[in-house]
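Residue numbers (the numbering used here): 84 to 572.
Ideal Cβ placement from N, Cα and C applies to all residues, glycine included.
Everything numeric in this text was worked out from a predicted model, so none of it was measured.
Read through the structure below, which is laid out as structure tokens, and then see the notes.
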Amino acid sequence: MSSWRGRLHTPRPKRPAEAGASSPGAAMSVQVAAPGSVGLGPECLSPEELVRQTRQVVQGLEALRAEHHGLARHLAEALAGQGLVAGLELLEEKQQVVSHALEAIELGLGEAQVLLALSAHVGSLEAEKQRLRAQARRLAQENSWLREELEETQRRLRASEAAVAQLEEEKSHLEFLGQLRQYDPPAGSQRPESPPRRDSLASLFPSEEEERKDPEAVGAAAAQQGGYEIPARLRTLHNLVIQYAGQGRYEVAVPLCRQALEDLERSSGHCHPDVATMLNILALVYRDQNKYKEATDLLHDALQIREQTLGPEHPAVAATLNNLAVLYGKRGRYREAEPLCQRALEIREKVLGSDHPDVAKQLNNLALLCQNQGKFEEVEQHYARALSIYEALGGPNDPNVAKTKNNLASAYLKQNKYQQAEELYREILSREDLPAPLGAPNTGTAGDAEQDEESPVAQHAKRGCSKGCWAPGCRSGSQECLPEVPVRT
Numbered sequence: 084m085s086s087w088r089g090r091l092h093t094p095r096p097k098r099p100a101e102a103g104a105s106s107p108g109a110a111m112s113v114q115v116a117a118p119g120s121v122g123l124g125p126e127c128l129s130p131e132e133l134v135r136q137t138r139q140v141v142q143g144l145e146a147l148r149a150e151h152h153g154l155a156r157h158l159a160e161a162l163a164g165q166g167l168v169a170g171l172e173l174l175e176e177k178q179q180v181v182s183h184a185l186e187a188i189e190l191g192l193g194e195a196q197v198l199l200a201l202s203a204h205v206g207s208l209e210a211e212k213q214r215l216r217a218q219a220r221r222l223a224q225e226n227s228w229l230r231e232e233l234e235e236t237q238r239r240l241r242a243s244e245a246a247v248a249q250l251e252e253e254k255s256h257l258e259f260l261g262q263l264r265q266y267d268p269p270a271g272s273q274r275p276e277s278p279p280r281r282d283s284l285a286s287l288f289p290s291e292e293e294e295r296k297d298p299e300a301v302g303a304a305a306a307q308q309g310g311y312e313i314p315a316r317l318r319t320l321h322n323l324v325i326q327y328a329g330q331g332r333y334e335v336a337v338p339l340c341r342q343a344l345e346d347l348e349r350s351s352g353h354c355h356p357d358v359a360t361m362l363n364i365l366a367l368v369y370r371d372q373n374k375y376k377e378a379t380d381l382l383h384d385a386l387q388i389r390e391q392t393l394g395p396e397h398p399a400v401a402a403t404l405n406n407l408a409v410l411y412g413k414r415g416r417y418r419e420a421e422p423l424c425q426r427a428l429e430i431r432e433k434v435l436g437s438d439h440p441d442v443a444k445q446l447n448n449l450a451l452l453c454q455n456q457g458k459f460e461e462v463e464q465h466y467a468r469a470l471s472i473y474e475a476l477g478g479p480n481d482p483n484v485a486k487t488k489n490n491l492a493s494a495y496l497k498q499n500k501y502q503q504a505e506e507l508y509r510e511i512l513s514r515e516d517l518p519a520p521l522g523a524p525n526t527g528t529a530g531d532a533e534q535d536e537e538s539p540v541a542q543h544a545k546r547g548c549s550k551g552c553w554a555p556g557c558r559s560g561s562q563e564c565l566p567e568v569p570v571r572t
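So this is what it looks like as structure tokens:
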């Protein structure tokens, strides 16, 4: 019995089937250990490489599991047909080995599948993290944009509040002035006053009332212009410039003119009548700031454009020449100003006729230029001719007649002709009540801003000057003021 047991446990050569039954464990150990056989630890592998090798191991384990299932079936069939005890124990032992190997394979497959699922989950988490980061960047940009919009809105709100406060102040001021009107005396109890003088900018365009009063002059100017009229947008812009300049807000008026000038040059080109009109407006703004050189350069440019587009004998050319002559006069360059004023006079005589009020006004300006050069003979001729025009149109009681006589009397005083000056001053002072001025003394061309609209006495009371008004800073144009001289009775 013992010898039989000894033979049963004596090692013997394995049959091919036995070798095949025992080989799965060895093959399994080789396949499972394959990833570590390269000598690389898990910390040295990238996630992609680890997933790739894990999938290779899964494939190997699945193949090994299929092989072990085949061996298990073969052993089961062998056990069913084996009758010997020794052979039965050996087959049972082999079957147990294969079963343990299958359990290890199933465990390895489960762990590998968990690892693959975990890798896929980590990949999805990484993608979600990148998406959230991109969304955070977009939100940060949007937040920055919203902050900028908020700051801009707050800035506009502050500007609007400041504008509202200013308008409220102006409104209260106007309401106060309206309340004061009830204390004004009746209109019939006061003497008629001479019309207030226009600002040098305000007379850039003729008013509608003047156009209605002298339609013939306007028609003649329109005929000379070939149908060209100053656009309404420039008139509106001109009114805004008057408002800002009247308030002394030149920092607003000048950029407004320059922006409009750039827009006109882009839309119509530089050589266009509208551009010349805008240059004339800007020149008058500079003149009110005593920037005579800049104003002179702009008027030269406007003169060149108007001569090219409207013709050398257009009323607007005469107006530009007149403005240019006044600027030269304010700078003391009377010799250069005289030919410009003379040419403006010739154009107006040809276009408007020799007996037009604008011709008389131009004669007054020319006479004052000659007076500053000591050409008193020409001064007397120009004043006498202007006086005859005013008397013929408005009669001896026209205020323009008194103003021209005042200018002529000043010229007499400078020549020591006191008797002639005294006679003229007596004629002026003897007229206590003067009717309204002639309806069209200023219906000339756009840009003509040199004729003072106040009486000489009012000018003298306001400015206190006793000489001509060509001095820099004087806004009264070319009109002479009444000198302080005693009048003998």
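Determine the direct distance from the alpha carbon of Q249 to that of R230, and round the result to whole angstroms.
Linking R230 to Q249 through their CA atoms gives a straight-line distance of about 29 Å.
Using the C-alpha atoms, what's the distance from L423 back to R416?
Rounded to the nearest angstrom, the two C-alpha atoms are 12 Å apart.
R280 classed as buried or exposed, judged by whether at least 16 other C-beta atoms fall within 10 angstroms
Because the pLDDT at R280 is just 35, under 50, the model does not fix this residue reliably, and the value given afterwards should be weighed accordingly. Buried, since its Cβ has 16 or more Cβ neighbours within 10 Å.
Pick out whichever of G331, N363, Q391 has its Cα sitting closest to the Cα of C354.
Of G331, N363, Q391, the residue nearest in Cα terms is Q391.
Are there 16 or more other CB atoms within 10 angstroms of the CB of N406, so buried, or fewer, so exposed?
The residue in question, N406, is buried, as its Cβ has 16 or more Cβ neighbours within 10 Å.
If distances are taken between C-alpha atoms only, which option among R418, V462, E235, A443 comes closest to L428?
Ranking R418, V462, E235, A443 by Cα distance to L428 puts A443 first.
CB contact flag (L404, R418, <8 Å)
No, these two residues do not count as a Cβ contact at 8 Å.
Suppose you measure from the CA of G412 to the CA of Q454; what does that come to, to the nearest Å?
A straight line joining the alpha-carbon of G412 with that of Q454 spans about 11 Å.
Are Y466 and T487 close, meaning C-beta to C-beta below 8 Å?
A contact, by the Cβ cut-off of 8 Å.
Comparing the C-beta of Q330 with each C-beta of chain D, is any distance below 8 Å?
Although the question refers to chain D, the structure presented lacks it and comprises just one protein chain.
Residue from P482, S182, P440, L476 whose Cα sits closest to the Cα of H157
It is S182 whose Cα lies nearest to the Cα of H157.
Can you tell which of A163, A155, L208 has the C-alpha that lies nearest to the C-alpha of L185?
When only C-alpha atoms are compared, the closest one is A155.
Is C424 helix, strand or coil when you go by DSSP?
In the three-state reduction of the DSSP assignment, C424 falls in the helix class, which pools H, G and I.
Using the rule of at least 16 other Cβ atoms within 10 Å of the residue's Cβ for burial, across every protein chain shown, is P314 buried or exposed?
With fewer than 16 Cβ atoms within 10 Å of its Cβ, P314 is classed as exposed.
Own chain partners of E377 with C-beta closer than 6 Å, once the 5 adjacent residues on each side are dropped:
Excluding its 5 nearest sequence neighbours in each direction, E377 has C-beta neighbours in its own chain below 6 Å: Y369, listed in chain order.
What does the Cβ neighbour count give for D371, buried or exposed, with the cut at 16 atoms within 10 Å?
Around the beta carbon of D371, 16 or more other beta carbons sit within 10 angstroms, so the residue counts as buried.
E474 and V462 closer than 8 Å at C-beta
At least 8 Å separates the beta-carbon of E474 from that of V462.
Measuring only the C-alpha atoms, how far is E258 from E251?
Here the alpha carbon of E258 sits roughly 10 Å from the alpha carbon of E251.
Any idea if S350 is buried or exposed, counting beta-carbon neighbours within 10 angstroms, 16 or more meaning buried?
Per the 10 Å Cβ criterion, exposed.
Is A359 closer than 8 Å to R66 when the C-beta atoms are compared?
Nothing can be reported for residue 66, as the shown portion of the chain is limited to 84 through 572.
Quick check: does the Cβ of M361 come within less than 7 Å of any heavy atom belonging to the ligand PLP?
In terms of ligand content, the structure shown is empty, and the ligand PLP therefore cannot be addressed.
Ignore the nearest five residues each way along the sequence and tell me which others in Q498's own chain have a CB closer than 7 Å to its CB.
Cβ neighbours of Q498 beyond the five flanking positions: F459.
Beta-carbon separation of H494 and Y508 under 8 Å?
For the record, residue 494 in the displayed sequence is Ala; it is not His. No, these two residues do not count as a Cβ contact at 8 Å.
Nearest-angstrom Cα distance between H151 and L162?
Using only the alpha carbons, I get a separation of about 16 Å.
D282 in three-state terms, based on DSSP:
Because the pLDDT at D282 is just 38, under 50, the model does not fix this residue reliably, and the point stays unresolved.
Between the alpha carbons of R591 and A242, how many angstroms are there, rounded?
Given a span of 84 to 572 for the chain in the structure shown, any question on residue 591 remains unanswerable.
Taking all protein chains shown into account, decide if A450 is buried (16 or more other Cβ within 10 angstroms of its Cβ) or exposed.
Buried, by the Cβ-count rule.
Buried or exposed by the 16-neighbour rule on C-beta atoms within 10 Å, applied to R332:
Of the other Cβ atoms in all chains shown, fewer than 16 fall within 10 Å of the Cβ of R332; this residue is therefore exposed.
Report all residues from its chain with a CB closer than 8 Å to the CB of D438; omit the five preceding and five following residues, and keep chain order.
If you ignore the 5 residues before and after D438, its C-beta comes within less than 8 Å of the C-beta of I472, A475, L476, all in its own chain and listed in chain order.
Taking only the alpha-carbon atoms, compute the straight-line gap between Y375 and Y327 and give it to the nearest angstrom.
Each residue's alpha carbon lies about 19 Å from the other.
Close-in-space but distant-in-sequence residues of the same chain around I188 (CB under 7 Å, 5 per side omitted):
Counting only Cβ-Cβ distances below 7 Å, and skipping sequence neighbours, we find M111, L144, L147, R148, H151.
For T441, is the classification buried or exposed, using 16 other Cβ atoms within 10 angstroms of its Cβ as the cut-off for buried?
Checking the displayed sequence, the identity of residue 441 turns out to be Asp instead of Thr. With 16 or more other Cβ atoms from the protein chains shown falling within 10 Å of its own Cβ, D441 counts as buried.
Contacts around D357, its chain only, beta-carbon distance under 7 Å, and the 5 residues preceding and following it disregarded
Once the five neighbours on either side are set aside, the close Cβ partners of D357 are P314, L317, L347, S351.
What does the alpha-carbon distance come out to for the pair E211 and A217?
E211 and A217 have their alpha carbons spaced roughly 10 Å apart.
Cβ-based neighbour list, E510, same chain, cut-off 7 Å, excluding 5 preceding and 5 following
Counting only Cβ-Cβ distances below 7 Å, and skipping sequence neighbours, we find K488.
Following the continuous alpha helix (DSSP H) through C340, name the residue where it begins and the one where it ends.
Run containing C340: 333-351, per the alpha helix (DSSP H) assignment.
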